[in-house]
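Residue numbers (the numbering used here): 22 to 670.
Below is one structure, written out as structure tokens; comments come after it.
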Amino acid sequence: MKRLLTKSKFKLGLECPNKLFYIGKQNYANQKSEDPFLLALAEGGFQVEEYARMHYPGGIMIESDYSNYEYELYHEKTSKLLELENVIIYEAAFQFENLFIRTDILVKKGNRIYLKEVKAKSWGKEDSLIGKNGGINAKYKDYLWDLAFQTYVVQKCFPEFEVIPQFVFVDKTKTASINGMNQMFRIKKGTDARAEIIKLEADISKMGNSVLVEPENVNVAVQGILSGKFQTLETKTFDECLGLLRENYEKDIISNWPINYSACKKCEFKTTNEDKIKNLDSGFENCFSVLCNWKENDFSKPNIFDINNGHLLKLVEKGKLFKKDIIISDVIKTDKLSKTSIRQWIQIEKENNVDSTPDFEKEGLKNEISTIKYPLHFIDFETATVALPFYVGRKPYEAIAFQFSHHVMYPDGTIKHEDQYINIEKGVFPNFDFVRKLKTALSKDDGTIFRFHNHENSILNKIRIQLEESSEKDKYELIEFILSITQQKVKEKYVHIGKRNMVDLWVWLTKYYYNPLTKGSNSLKDYLPASILTSHFLQKKYSKPISQINVSSLNFDNNKIWLNENLDDPYKQLEPVHPEYDNEILDEFVGDQDEIKDGGAALIAFSKMQYMDMPSLEFDNIKKALLKYCELDTLAMVMFFEHLKEITE
Numbered sequence: 022m023k024r025l026l027t028k029s030k031f032k033l034g035l036e037c038p039n040k041l042f043y044i045g046k047q048n049y050a051n052q053k054s055e056d057p058f059l060l061a062l063a064e065g066g067f068q069v070e071e072y073a074r075m076h077y078p079g080g081i082m083i084e085s086d087y088s089n090y091e092y093e094l095y096h097e098k099t100s101k102l103l104e105l106e107n108v109i110i111y112e113a114a115f116q117f118e119n120l121f122i123r124t125d126i127l128v129k130k131g132n133r134i135y136l137k138e139v140k141a142k143s144w145g146k147e148d149s150l151i152g153k154n155g156g157i158n159a160k161y162k163d164y165l166w167d168l169a170f171q172t173y174v175v176q177k178c179f180p181e182f183e184v185i186p187q188f189v190f191v192d193k194t195k196t197a198s199i200n201g202m203n204q205m206f207r208i209k210k211g212t213d214a215r216a217e218i219i220k221l222e223a224d225i226s227k228m229g230n231s232v233l234v235e236p237e238n239v240n241v242a243v244q245g246i247l248s249g250k251f252q253t254l255e256t257k258t259f260d261e262c263l264g265l266l267r268e269n270y271e272k273d274i275i276s277n278w279p280i281n282y283s284a285c286k287k288c289e290f291k292t293t294n295e296d297k298i299k300n301l302d303s304g305f306e307n308c309f310s311v312l313c314n315w316k317e318n319d320f321s322k323p324n325i326f327d328i329n330n331g332h333l334l335k336l337v338e339k340g341k342l343f344k345k346d347i348i349i350s351d352v353i354k355t356d357k358l359s360k361t362s363i364r365q366w367i368q369i370e371k372e373n374n375v376d377s378t379p380d381f382e383k384e385g386l387k388n389e390i391s392t393i394k395y396p397l398h399f400i401d402f403e404t405a406t407v408a409l410p411f412y413v414g415r416k417p418y419e420a421i422a423f424q425f426s427h428h429v430m431y432p433d434g435t436i437k438h439e440d441q442y443i444n445i446e447k448g449v450f451p452n453f454d455f456v457r458k459l460k461t462a463l464s465k466d467d468g469t470i471f472r473f474h475n476h477e478n479s480i481l482n483k484i485r486i487q488l489e490e491s492s493e494k495d496k497y498e499l500i501e502f503i504l505s506i507t508q509q510k511v512k513e514k515y516v517h518i519g520k521r522n523m524v525d526l527w528v529w530l531t532k533y534y535y536n537p538l539t540k541g542s543n544s545l546k547d548y549l550p551a552s553i554l555t556s557h558f559l560q561k562k563y564s565k566p567i568s569q570i571n572v573s574s575l576n577f578d579n580n581k582i583w584l585n586e587n588l589d590d591p592y593k594q595l596e597p598v599h600p601e602y603d604n605e606i607l608d609e610f611v612g613d614q615d616e617i618k619d620g621g622a623a624l625i626a627f628s629k630m631q632y633m634d635m636p637s638l639e640f641d642n643i644k645k646a647l648l649k650y651c652e653l654d655t656l657a658m659v660m661f662f663e664h665l666k667e668i669t670e
């Protein structure tokens with residue numbers, strides 16, 4: 022059977038041509054899940070695509086059997102329908118030589134074919150496909166090259182027609198004119214693991230004002246790609262990219278594309294310890310063996326691909342791939358001295374010297390700790406965004422805050438899991454109730470409030486804007502509360518700092534503390550196990566039942582012991598929110614969603630509970646798991662704070 026270069030494989034090849042050699046081969050490990058059901062839940066794409074089809078009613082679906090995919094048959098069915106003067110087709114299929122695509126919505130009017138690519142992507146008045154420098158806006162680059170590929174294939178199949186590519190996005194400036202818009206589409210897992218969609222309303226006129234938009238100038242950008250005006254893979258035109266990818270994929274040979282810092286750093290074809298036990302091969306290692314002549318022992322040497330530094334692109338060009346080859350001037354520029362570059366040099370030095378002890382600025386930490394006021398509050402939010410709004414007046418892709426956890430530390434060291442909130446009721450917009458409960462939780466005293474990174478601050482600022490536009494009776498009281506604990510920047514300048522502004526533990530971490538066991542990560546999910554392995558205080562304290570160490574819990578028994586004799590990561594002790602998926606895989610699905618970090622499991626859970634009909638037992642189990650995870654998130658903040666106190670005393 023001919024190896025066909027599809028849309029998804031074309032996109033993968035543009036990330037790195039070598040990936041096409043590894044994709045689909047069972048003997049190569051792949052850390053990216055291609056689960057279409059998960060994608061539908063994470064992105065909200067299933068709603069948007071069905072909603073878009075309602076704008077083009079009467080379309081004919083080219084049905085597919087995913088267990089026995091018949092490319093030529095689907096192409097023939099599409100070709101037959103295109104003999105009609107006017108027709109609308111859903112999932113139209115086109116095959117030209119060894120290229121194959123499916124289109125979301127195709128509208129044929131006479132000799133014109135409109136390709137409508139539906140994306141669960143927000144669009145506003147300030148957005149543009151072309152950037153200020155005249156090139157393609159990076160935000161839409163992948164989408165445009167995808168659409169250019171579709172346009173090319175359709176034009177080759179039917180040169181007698183004029184092919185006009187278009188996008189269908191979600192307009193974030195529009196508001197819903199009906200309630201329950203986001204509940205009009207239900208989802209269930211099909212037998213082939215794909216998402217099956219159930220529409221509760223088939224009449225578009227009953228859906229109120231449309232919240233979709235078809236941006237202008239899509240064809241201009243696509244033709245710019247097809248003509249060679251815009252390039253990718255360094256300096257390759259569309260024709261050059263296509264020629265390289267289609268030929269090598271069809272012949273099943275590796276492209277031997279040069280090492281690229283960004284692409285290699287994010288390569289999914291690396292092996293975990295579990296993969297190695299299963300004797301799976303590593304595409305990453307194969308590339309470096311072929312292209313850099315690395316031997317087996319080279320892969321155990323500290324390399325540059327866990328350092329977050331764009332300047333390292335130049336080191337690849339110089340052949341400096343190992344940390345031992347890097348000198349201080351490669352990382353720290355005297356004319357651009359920064360905390361980040363100093364921190365990265367510490368990372369390099371520590372690994373080169375096989376030194377796993379933390380590096381910290383004791384006085385800086387002591388000064389920060391001296392400013393805090395007890396009792397201390399530690400908060401963490403779980404949030405989501407939904408493509409289609411909940412209520413009249415709400416906008417697409419607004420932030421939804423559906424859960425928080427709140428730990429309190431008292432001067433004598435007592436730690437209480439004081440409050441928690443979760444609202445996952447179908448079709449209910451929880452934000453204002455969320456803030457009311459948070460206000461009640463934090464208003465009992467004026468102790469210091471800790472967050473970890475920007476997420477909580479950003480979410481509260483977004484809810485403040487929602488409140489300003491609302492008719493809630495207590496909106497001014499809630500707005501005043503939000504203003505009191507948040508800060509706001511405009512163009513890097515503070516325009517507001519609350520009198521009880523939350524303190525960011527992440528800022529303390531990045532300014533004063535580095536633990537080599539995190540391999541350069543600044544995530545709390547990595548700093549918790551690293552702190553445990555480093556801290557004698559934490560090891561001694563949390564190896565006892567929580568009832569014996571003055572720690573309370575709203576979700577765990579009093580005899581809960583957080584640290585076993587192996588000092589395993591506490592997160593590994595928790596039952597997964599979704600037993601069929603690994604949480605790290607779920608995080609991959611929200612990687613490009615602003616500010617939602619390490620929150621894939623919670624976001625997927627929110628989507629499942631909103632848009633799926635599930636047994637009450639499964640619903641309750643997911644809810645219990647979410648409560649435990651969020652509790653551990655704030656307890657992890659407490660533990661990290663205790664560790665910082667320990668090293669300054």
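Just so you know, even glycine gets a beta-carbon here, dropped at the ideal spot from N, CA and C.
Quick caveat: nothing in here was measured; it's all calculated off a predicted structure.
I'd like the list of long-range same chain contacts for residue i, defined as Cβ closer than 7 Å, with 5 residues on each side in sequence excluded.
i, result
"Arg-521", "Asp-467, Ile-470, Ser-505 and Ile-506"
"Leu-334", "Tyr-282"
"Ser-303", "Ala-50, Phe-290, Lys-291 and Thr-292"
"Phe-259", "Ala-169, Ile-246, Leu-247 and Gly-249"
"Phe-326", "Cys-285 and Lys-286"
"Ile-588", "Checking the displayed sequence, the identity of residue 588 turns out to be Leu instead of Ile. So the list reads Ile-553, Leu-554 and Gln-560, once near-sequence residues are dropped."
Using CA coordinates, which residue listed in the options is at the minimum distance from residue i?
i, options, result
"Glu-667", "Asn-543, Glu-235, Gly-434 and Asn-642", "Gly-434"
"Pro-417", "Val-69, Ser-29, Glu-36 and Cys-37", "Val-69"
"Val-413", "Lys-195, Asn-307 and Leu-588", "Lys-195"
"Lys-286", "Trp-315, Asn-329 and Leu-595", "Asn-329"
"Asp-721", "Phe-453, Leu-463 and Lys-447", "What is shown of the chain runs 22 to 670, which leaves residue 721 out entirely."
"Thr-406", "Asn-452, Leu-265 and Ala-551", "Asn-452"
"Asn-200", "Arg-415, Val-174 and Glu-36", "Arg-415"
"Ile-298", "Ser-628, Asn-48 and Lys-32", "Asn-48"
"Ser-556", "Leu-584, Thr-361, His-332 and Leu-94", "Leu-584"
"Met-658", "Leu-397, Ile-225, Ala-114 and Asp-495", "Leu-397"
"Asn-576", "Leu-312, Leu-656 and Asp-634", "Leu-656"
"Leu-526", "Phe-661, Lys-645 and Val-429", "Phe-661"
"Arg-123", "Ser-321, Glu-147 and Lys-98", "Lys-98"
"Lys-209", "Ser-143, Leu-647 and Pro-636", "Pro-636"
Taking only beta-carbon positions, decide if residue i is within less than 8 Å of chain C.
i, result
"Tyr-282", "Protein chain content of the structure displayed is limited to a single chain, and chain C is not contained in it."
How long is the line joining the alpha carbons of residue i and residue j, rounded to whole angstroms?
i, j, result
"Gln-614", "Asn-478", "At Gln-614, the pLDDT of 43 sits below 50, so the modelled position is not reliable; the number obtained from the coordinates is stated separately. Going from the Cα of Gln-614 to the Cα of Asn-478 covers about 16 Å."
"Leu-233", "Ile-570", "55 Å"
"Glu-652", "Leu-301", "36 Å"
"Met-205", "Val-139", "18 Å"
"Cys-308", "Thr-404", "39 Å"
"Gly-385", "Thr-392", "11 Å"
"Leu-103", "Gly-79", "15 Å"
"Ile-445", "Gln-631", "7 Å"
"Lys-129", "Lys-101", "13 Å"
"Lys-618", "His-474", "In this prediction, Lys-618 scores a pLDDT of 42, lower than 50, which makes its location untrustworthy; the coordinate-derived value is nonetheless stated afterwards. Lys-618 and His-474: Cα-Cα distance of roughly 10 Å."
"Ser-542", "Tyr-548", "8 Å"
"Asn-642", "Asn-580", "21 Å"
"Gly-264", "Ser-276", "11 Å"
"Ser-573", "Ala-197", "43 Å"
"Ile-443", "Cys-313", "51 Å"
"Phe-305", "Asn-39", "9 Å"
"Ile-436", "Thr-27", "55 Å"
"Tyr-87", "Ile-126", "19 Å"
Please work out which residues of its chain come closer than 6 Å, Cβ to Cβ, to residue i, disregarding the five sequence neighbours upstream and downstream, and give them in chain order.
i, result
"Glu-616", "Any answer about Glu-616 is weak, because its pLDDT of 38 lies below 50 and its placement is not dependable; what the coordinates show is given next. Within the same chain, Glu-616 has close Cβ partners His-476 and Ser-479."
"Glu-118", "none"
"Lys-394", "Gly-468 and Thr-469"
"Ile-369", "Lys-344 and Ile-347"
"Tyr-161", "Leu-150"
Report the partner residues of residue i according to the DSSP bridge assignment.
i, result
"Leu-136", "Leu-127 and Pro-186"
"Trp-315", "According to DSSP, Trp-315 bridges with nothing at all."
"Ala-420", "Thr-406"
"Arg-207", "Ile-219"
Go through its chain and collect everything with a Cβ distance to residue i's Cβ below 8 Å, but skip five positions before and after it.
i, result
"Ala-223", "Met-75"
"Glu-382", "Lys-532, Tyr-533 and Tyr-534"
"Ile-44", "Lys-30, Leu-33 and Asn-51"
Quick check for students: name the residue ranges of the alpha helix (DSSP H) that lie wholly in the region 506 to 587, counting only runs of 4 or more. 526 to 533, 545 to 555 and 557 to 562
Where are the alpha helix (DSSP H) runs, 4 residues long or more, that stay fully inside the region 88 to 126, in chain order? 92 to 102
Which ranges does the alpha helix (DSSP H) cover as unbroken runs of at least 4 residues, wholly within the region 212 to 286, from first to last along the chain? 239 to 247, 259 to 272 and 282 to 286
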